[in-house]
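K.L.:
Supplied in structure tokens, the structure appears directly below.
Number of protein chains: 6
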Amino acid sequence: MVLTPLEKASILVEALPYIRKFSGQTVVIKYGGRAMISDELERGVITDCILLKLVGIHPVIVHGGGKAIDEMLERLGMKTGFVHGQRITDEKTMEVVEMVLAGKVNKEIVTLINQLGGKGIGLCGKDAGLITARKKTIPAPPGEEPVDLGCVGEVERINPEIIETVKDEGYIPVIAPIGVGDDGRSYNINADYVAGAVAAALKANKLVLLTDVEGIFADRNDPGSLLSVIRVDEVPDLIARGIIAGGMIPKVECCVHALENGVGRTHIIDGRILHSILLEVFTDEGVGTMVVKE
Amino acid sequence: MVLTPLEKASILVEALPYIRKFSGQTVVIKYGGRAMISDELERGVITDCILLKLVGIHPVIVHGGGKAIDEMLERLGMKTGFVHGQRITDEKTMEVVEMVLAGKVNKEIVTLINQLGGKGIGLCGKDAGLITARKKTIPAPPGEEPVDLGCVGEVERINPEIIETVKDEGYIPVIAPIGVGDDGRSYNINADYVAGAVAAALKANKLVLLTDVEGIFADRNDPGSLLSVIRVDEVPDLIARGIIAGGMIPKVECCVHALENGVGRTHIIDGRILHSILLEVFTDEGVGTMVVKE
Amino acid sequence: MVLTPLEKASILVEALPYIRKFSGQTVVIKYGGRAMISDELERGVITDCILLKLVGIHPVIVHGGGKAIDEMLERLGMKTGFVHGQRITDEKTMEVVEMVLAGKVNKEIVTLINQLGGKGIGLCGKDAGLITARKKTIPAPPGEEPVDLGCVGEVERINPEIIETVKDEGYIPVIAPIGVGDDGRSYNINADYVAGAVAAALKANKLVLLTDVEGIFADRNDPGSLLSVIRVDEVPDLIARGIIAGGMIPKVECCVHALENGVGRTHIIDGRILHSILLEVFTDEGVGTMVVKE
Amino acid sequence: MVLTPLEKASILVEALPYIRKFSGQTVVIKYGGRAMISDELERGVITDCILLKLVGIHPVIVHGGGKAIDEMLERLGMKTGFVHGQRITDEKTMEVVEMVLAGKVNKEIVTLINQLGGKGIGLCGKDAGLITARKKTIPAPPGEEPVDLGCVGEVERINPEIIETVKDEGYIPVIAPIGVGDDGRSYNINADYVAGAVAAALKANKLVLLTDVEGIFADRNDPGSLLSVIRVDEVPDLIARGIIAGGMIPKVECCVHALENGVGRTHIIDGRILHSILLEVFTDEGVGTMVVKE
Amino acid sequence: MVLTPLEKASILVEALPYIRKFSGQTVVIKYGGRAMISDELERGVITDCILLKLVGIHPVIVHGGGKAIDEMLERLGMKTGFVHGQRITDEKTMEVVEMVLAGKVNKEIVTLINQLGGKGIGLCGKDAGLITARKKTIPAPPGEEPVDLGCVGEVERINPEIIETVKDEGYIPVIAPIGVGDDGRSYNINADYVAGAVAAALKANKLVLLTDVEGIFADRNDPGSLLSVIRVDEVPDLIARGIIAGGMIPKVECCVHALENGVGRTHIIDGRILHSILLEVFTDEGVGTMVVKE
Amino acid sequence: MVLTPLEKASILVEALPYIRKFSGQTVVIKYGGRAMISDELERGVITDCILLKLVGIHPVIVHGGGKAIDEMLERLGMKTGFVHGQRITDEKTMEVVEMVLAGKVNKEIVTLINQLGGKGIGLCGKDAGLITARKKTIPAPPGEEPVDLGCVGEVERINPEIIETVKDEGYIPVIAPIGVGDDGRSYNINADYVAGAVAAALKANKLVLLTDVEGIFADRNDPGSLLSVIRVDEVPDLIARGIIAGGMIPKVECCVHALENGVGRTHIIDGRILHSILLEVFTDEGVGTMVVKE
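Protein chains in written order, with the UniProt record's numbering: chain A, 1 to 294; chain B, 1 to 294; chain C, 1 to 294; chain D, 1 to 294; chain E, 1 to 294; chain F, 1 to 294.
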């Protein structure tokens, strides 16, 4: 498709009300899944974030990195098990998880931001006391042994001071989901939860979770049944009816938690679509499913 | 033409390097001609300026208003003559010129900025001592009587303090080309010259003159011969050869003067094209003719 | 009268407590009537304002301009009617009113401020969204047809941001009483009301209305019966008894409204006296009638 | 003399250009002689300083205190000798000098400033390392024994930091002319010299020395021969001719030194005239003799 | 004792948690008694204050000076009586008290601070309206004549503005306990009370009273019975039982008053111990008796 | 050794002049060798840095990590060769080097800072474009094949902006010596060189290189021949005479380079001594060898 210059200009003009609306606001983006693996999608996400920054919107990136961890563990000949979708993480494994997330994945994202013209800065939860974590305990189901997930943690508290500092100086903070206990031990935390907690601590205006699905469907078999908006008070019923199910449940819970702690709007969007963040922010239709308070 | 959301996003992404390049810079825009008469073009110009402001570029508008002046003079039954394209402006006429420019045209532009979501503020050269003017004298050609143009003035000096103050507070300054003599008398000044002088005083990065032509052509009869770049040192020869001629001469002189006083680049563009300012700023090709120092 | 230097110095010293008392405060001055017509009185008012500014008091001027409007309408051969002291203002008339107020009277005041050594900046209600207006509706008296005053408006809200910005940078803001509706239409508003509303929005310390009378008299026929202070709670009775009557009623209402919205003191003073503003601010006796809350 | 309010206002208006001219400037005033002894003159000096401060001019007071020192020494039964107009100051005497100047005279001036509505702060050269002094040595005239003046000092260097700090916070600094040697010893310094050195360190715009004479006369016996302006390059000749003589010589030297170190203008005025400081600053004629560079 | 460098470093490291804990806090120190008389102790106190300042803690010194006053009064042949431990201070005596405290003792402390590398500034209650005082009245015991203490005063109010100003600019304020009445009269105030009132006005974190005793003992005859902590609610009982008695009563009252007005902790410590302030701030055991709210 | 509180206080007092001298200054510390391996030494280094920060000195840490890299490479079964003391680093190896330095060692140091009460933030050269690197080329000795060291780099330029930002907000920056090429490739850079380049870019007052030797000896066999100061102009001769030799040569070159680029003083000290940084900064003797410009 070839556009005339005028057609291009019109598109820019269309974005005007969105730029005005979100100017000065903070958007926390959970970056993971397919969008981290495809080079094209990755450049798309980073470009979107730089564009947001340039027009006065502050993106904060929280990333995952399961695939890179798997590869490194395999090269090291280390095996890990999963329970309820969470990696059983002993201390040796944790060491690798942390190195890969904070030393490799995080820095690659930062480098790409810098190469594409932004100013990225990589942080993990240990930097500036950003994320204090505690061991995650999973209650044993009746009749089963409780499972010890090892160094899997959950967020105890967020100290957003360093994010505020660098955000206001023009940087895009990129956060690896590693927490540190009051005892100095490292914990691996689900990146969705970290994103939600960071958004809550920053009183962000938006939380955007990039996923590998299009959103939540009223009828899984009907591609036309995408729910574009869900209210917090509808969530319990949607879970009960199996419409929100599986891996989508923690993501929605994460949105609900963020909304209850001062975040404006939350979005579960399809990271497999190029520039899905821009589409979400700069078009009326949005993409994926928005979870809102009311 | 219907664009998919992705196509729209791509356009935004294309603008990224330009936004980055011009962020924080000042662009002085001479707004006049057809673009002031057509409602659609007027909204285009104002929308472009608001968009620039939102992405961190500071537009400063200097406007003309010949047509509105003519209408009011006609309603008042006052006749005016023109010499060398300049209105002979006696004191009575000047009173009307000033009222129309500073009290009507200027405030209409400001109102439109505010309605479209920007923060406009109208100024004339009297406000905050912005433009000090002196009477323009035109040497009589040999064998002719010298012509007294009355209250036609030229810029003596610019005090850009008020522009800096309001620009940094998020306002778009809109300037009517009225100057005031050290004796308190009002002078009507050519808006191109005011734009050039304001750009020089602000050390603006760009001066953009909106005109009713496409630019400067090497061969007036060949639409394909548009000169997209002219160097300052080529100007004398181009005038000598008649390629720069008529009303284009003062515009080019205005660009040359601005360039010699610290302005980065100057552009003579076609205000009859919708969103021509955005096209100039946000595309590689630009529009019209650019005059540069080297 | 020839004063010795010492006598002059003593006068300066007498002003000391007043300067100290009002330092840093804001005084909104409705400037109109005879004081706008006499050159000497005009220079007096402007000089007073510049002096206030220099000693650290912030004057904000709101001006009228009925006489200049009448002259221009007459030159244009346009007739206007008045109802209850308010000009019936159709759209054509409004166009002239606006040009004269914002493009002529306003800029003349600004120019005089600058010539006398201050830093004036002219604004109308359209600049920076200063005055949002709505159409003024006048309930029809029983048995009469309601009168449509056309573009006569009343203040809907004041956005004092631009005044604060320029005031703190050393400028004296001069405001033409033109408002703009949410629909972009212009409205002509009574300058007293604008002054009152601006004073309220700024939480000004003083509102001073310059009039062509000495103040309010207990007995119209007794020049010695000037009421130097009126309390807000006395106003209804004074109106009932006809002591506040005619054109004085809206002025007093304006004072009452300002006092109820945070303005410290309000004054109705005689603009026909040279330097009446200085006399009001810098002497114990004051001049005219002060309306206070308690 | 009874002035009408209008006449009073006119006087204020006359001061306008002087206020404007000196706004933001610093004036160092040597306060001593008769003006310290008469209650009326003292209140005059302090009132003048407060008025200057209120209209945006920064007075800095350096005071003497010979009379109060004499009284206290007498009460203590201590005798002191004088050589060339300078008190021979042994350590015991110095202790008294310092207590009287820094603990009594200084604090009385400060208290009066505060009572009259200003914000005074008393400093001596020891505070914040303001004045570093060295012992003053007087070369013995041929055939005479050199005289040891004891703790009489001269200025080694001024650290104006504390004056800048308090001046900008609205305080009037009041300085006792006590210096401190690098060895911690106290020195009594001539207040004229301290005033000159402080003015030089502050790059003050004016240095005003209050004296008990009207100024410098071309002919001592002709009251009409007051020299209102003396240029620095005329001084040697005026001294040679005996026109500048006696105690006036060090005062003029002090002015010359200040002028050579960046002070704008220096004035030797008659402190016996009420409000002589105001008269000097706020009238064209000035009072006394001005010493200027050119 | 000869320490290895490593041992020295260890000491510094031990201080770390205290520096961290008190960083940015304000400590008001009543400086008097033996610590003012011994050169070694005096250097100790001043060195401690400079060290506190350097590590980010803000000391404010309030000093006494009874001994220096006695000496000067004796040299002047003036006798004074004492009632209930307070000097009967007639006007002549007050003049001497003020000169000695504000002009001698205060400036000596400041000079020592500057010599030891700090930046001291001397203030008395007259400077910048710091201490407003009123005459202290002592109710006559039954059957006795009331005693007029003359110029003995008590604190009416503290204006801490000047302390805040200079404190934040790196200065150590040194305060002589002289107050000024609304009538401009000087009052001599107990330095403990001034310290307490200044601490309260500054919402200081610590008030430290240097005394000539080790602290408060449960049993006066048992050196091992030092009470290291007293709660405010225990004070009445301790006074009733005679454990807090004599000159200690006003000191404890002073602490109680400070605690009730926002001061964090108060300490009565032994000024006869070298570096007792450092020991109090930088060791866990502290020295002397701490009075706390709960 | 048991010290009395007074002895402890005396040590603190001894540090006073050093704290004063270095307050506000920046000290870049190359942290490596034995001091990174021993837990006790590590806590010593970190404690020293926190203490410096608390007393107003800004430490910036650049760390190595060879031992941790070796361990991880061994666990991964990867072998590396060394040439001239530099690791031959292919891309696979570089990936591990980066993860270990930026993801493990760096974050451990940060965590320790936070646990001991400071505010650490970990950075590598990729963050905020801190270190731009280029491939290091080693000229082949005559008759030898040039050796390709792979991803071994040298500093091209430092962008110290992020260090300035976080340093002024109270953080201790901890830098992993990873650089990024303009092509986005990672480079492993010698930590000494990074420390030197960072010190130069910051115009640091001190560069401190922690080593595993006591310093430079005039006679390697004479422990008493430690050279405590070396001037830059002596270096070539000392190298020629073999006094500076082996691994010490690049360290000294690093110091020379830093001194030539604006660093005040440089120190090569023995990291095996507990609290050697404090000893260097806070004692007159210092430790190790200082290299100075003159």
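Glycine included, each C-beta is placed from N, C-alpha and C at the ideal position.
Given the structure is predicted, the values throughout are model-derived calculations rather than measurements.
Using only alpha-carbon positions, find the residue among A:Ile19, A:Ser23, A:Lys126 and A:Leu54 that is nearest to isoleucine 19 of chain B.
P.N.:
Minimum Cα distance to isoleucine 19 of chain B is reached at A:Leu54.
K.L.:
Can you tell me where the beta strand (DSSP E) with isoleucine 230 of chain F in it begins and where it stops?
P.N.:
Isoleucine 230 of chain F -> beta strand (DSSP E) spans 229 to 231.
K.L.:
Under 7 Å Cβ-Cβ, which residues of chain A neighbour methionine 36 of chain F?
P.N.:
Those do not exist, as methionine 36 of chain F stays about 17 Å from chain A at its closest Cβ, beyond 7 Å.
K.L.:
Could you tell me the alpha carbon to alpha carbon distance between glycine 246 of chain E and glutamate 280 of chain E, rounded to whole angstroms?
P.N.:
Roughly 24 Å between the two C-alpha positions.
K.L.:
Can you name, in chain order, every residue of its own chain whose Cβ lies under 8 Å from the Cβ of lysine 67 of chain C, other than the five neighbours on each side?
P.N.:
The answer, listed in chain order, is Met36 and Ile37.
K.L.:
In the stretch 211 to 267 of chain E, which residue ranges form an unbroken alpha helix (DSSP H) of at least 4 residues, counting only runs that do not cross its ends?
P.N.:
Fully enclosed alpha helix (DSSP H) runs of 4 or longer: 235 to 240 and 248 to 260.
K.L.:
Compare the Cα-Cα distances from alanine 292 of chain C to each of C:Asp182, C:Gly271, C:Val252 and C:Asp192 and report the closest residue.
P.N.:
Residue identity check: residue 292 of chain C is valine in the sequence provided, not alanine. That would be C:Val252, whose Cα lies nearest to the Cα of valine 292 of chain C.
K.L.:
Does the beta-carbon distance from threonine 26 of chain B to valine 62 of chain B come in below 9 Å?
P.N.:
Not in contact: threonine 26 of chain B and valine 62 of chain B (Cβ atoms no closer than 9 Å).
K.L.:
Mind checking if arginine 185 of chain B is an interface residue toward chain A, Cβ cutoff 9 Å exclusive?
P.N.:
Chain A, which has no Cβ nearer than 9 Å to the Cβ of arginine 185 of chain B, makes this no.
K.L.:
Could you give the distance in angstroms between the alpha-carbon of lysine 104 of chain D and the alpha-carbon of methionine 290 of chain E?
P.N.:
Whole-angstrom Cα-Cα distance: 37 Å.
K.L.:
May I have the straight-line CA-CA distance separating cysteine 124 of chain E from glycine 64 of chain E, to the nearest angstrom?
P.N.:
Taking the straight line from one Cα to the other gives about 12 Å.
K.L.:
DSSP on valine 166 of chain F, reduced to helix/strand/coil?
P.N.:
Helix.
K.L.:
Please name the residues in the stretch 148 to 176 of chain C whose beta-carbon is closer than 8 Å to at least one beta-carbon of chain D, in chain order.
P.N.:
Residues: none.
K.L.:
From what residue to what residue does the alpha helix (DSSP H) around valine 45 of chain A run?
P.N.:
Note, valine 45 of chain A: alpha helix (DSSP H), 39 to 54.
K.L.:
Please list, in chain order, the residues of the stretch 5 to 35 of chain A that have any C-beta partner in chain B closer than 9 Å.
P.N.:
Result list: Pro5, Leu6, Glu7, Lys8, Ala9, Ser10, Ile11, Leu12, Val13, Glu14, Ala15, Leu16, Pro17, Ile19, Arg20 and Ser23.
K.L.:
From the DSSP secondary-structure annotation, give me the bridge partner or partners of methionine 290 of chain F.
P.N.:
Per DSSP, F:Val229 and F:His267.
K.L.:
Could you spell out where the beta strand (DSSP E) holding alanine 133 of chain A opens and where it closes?
P.N.:
Alanine 133 of chain A -> beta strand (DSSP E) spans 131 to 135.
K.L.:
Using a Cβ-Cβ cut-off of 7 Å (strictly less than) and excluding sequence neighbours within five positions of alanine 199 of chain E, which residues of its own chain qualify?
P.N.:
If we look at alanine 199 of chain E and ignore the five residues flanking it on each side, its Cβ neighbours are Val28, Leu207, Ala258 and Val263.
K.L.:
Would you kindly work out how many angstroms separate the C-alpha atoms of glutamate 71 of chain E and glycine 117 of chain E, rounded to a whole number?
P.N.:
Each residue's Cα considered, the two are about 30 Å apart.
K.L.:
Within the continuous alpha helix (DSSP H) that includes alanine 128 of chain A, where are the two ends?
P.N.:
Careful: alanine 128 of chain A lies outside any alpha helix (DSSP H) and carries neither H nor E.
K.L.:
Please confirm whether histidine 275 of chain D has its beta-carbon closer than 9 Å to some beta-carbon of chain C.
P.N.:
Judged by the 9 Å Cβ criterion, histidine 275 of chain D is in contact with chain C.
K.L.:
In angstroms with no decimal places, state the Cα-to-Cα distance between alanine 204 of chain E and valine 174 of chain E.
P.N.:
One C-alpha to the other measures close to 15 Å.
K.L.:
Out of B:Ser186, B:Gly77 and B:Gly56, which one is the CA nearest neighbour of glutamate 98 of chain B?
P.N.:
Nearest of B:Ser186, B:Gly77 and B:Gly56 to glutamate 98 of chain B, Cα basis: B:Ser186.
K.L.:
Can you give the Cα-Cα distance for glycine 224 of chain F and glutamate 214 of chain F, rounded to whole angstroms?
P.N.:
If I take the Cα positions, the gap works out to 11 Å.
K.L.:
Does the Cβ of aspartate 212 of chain D lie closer than 8 Å to at least one heavy atom of the ligand SAM?
P.N.:
In the structure on display, the ligand SAM does not appear, and there are no ligands present to speak of.
K.L.:
Output, in chain order, the set of chain C residues within a Cβ distance shorter than 8 Å of glutamate 98 of chain B.
P.N.:
Gly103, Lys104 and Lys107, listed in chain order.
K.L.:
Quick one: which chain A residues come within Cβ less than 7 Å of valine 110 of chain F?
P.N.:
Residues of chain A passing the Cβ test: Lys126 and Asp127.
K.L.:
DSSP has valine 62 of chain F in a bridge; who is on the other side?
P.N.:
F:Lys30 and F:Ile175, per the DSSP bridge assignment.
K.L.:
By the three-class DSSP mapping on this structure, what secondary structure does residue 347 of chain A have?
P.N.:
Residue 347 of chain A falls outside the range modelled here, since chain A spans only 1 to 294, and no answer is possible.
K.L.:
Please list, in chain order, the chain D residues whose beta carbon lies closer than 8 Å to that of leucine 278 of chain C.
P.N.:
The answer, in chain order, is Ala9, Leu12 and Val13.
K.L.:
What does residue 337 of chain E touch in chain D if you count any residue whose Cβ is under 8 Å from its own?
P.N.:
The structure shown has nothing for residue 337 of chain E, since chain E only spans 1 to 294.
K.L.:
Between lysine 135 of chain D and aspartate 168 of chain A, what straight-line distance do the alpha-carbon atoms span, to the nearest angstrom?
P.N.:
Rounded to whole angstroms, lysine 135 of chain D to aspartate 168 of chain A spans 55 Å at the Cα level.
K.L.:
Secondary structure at lysine 206 of chain C, three-state DSSP: helix, strand or coil?
P.N.:
In this structure, lysine 206 of chain C counts as strand in the three-state DSSP scheme.
K.L.:
For threonine 80 of chain D and chain C, any beta-carbon pair shorter than 9 Å?
P.N.:
Not one chain C Cβ lies under 9 Å of threonine 80 of chain D.
K.L.:
Is the CB of arginine 75 of chain E under 9 Å away from at least one CB in chain D?
P.N.:
Yes, arginine 75 of chain E lies at the interface with chain D (some Cβ there is under 9 Å from its Cβ).
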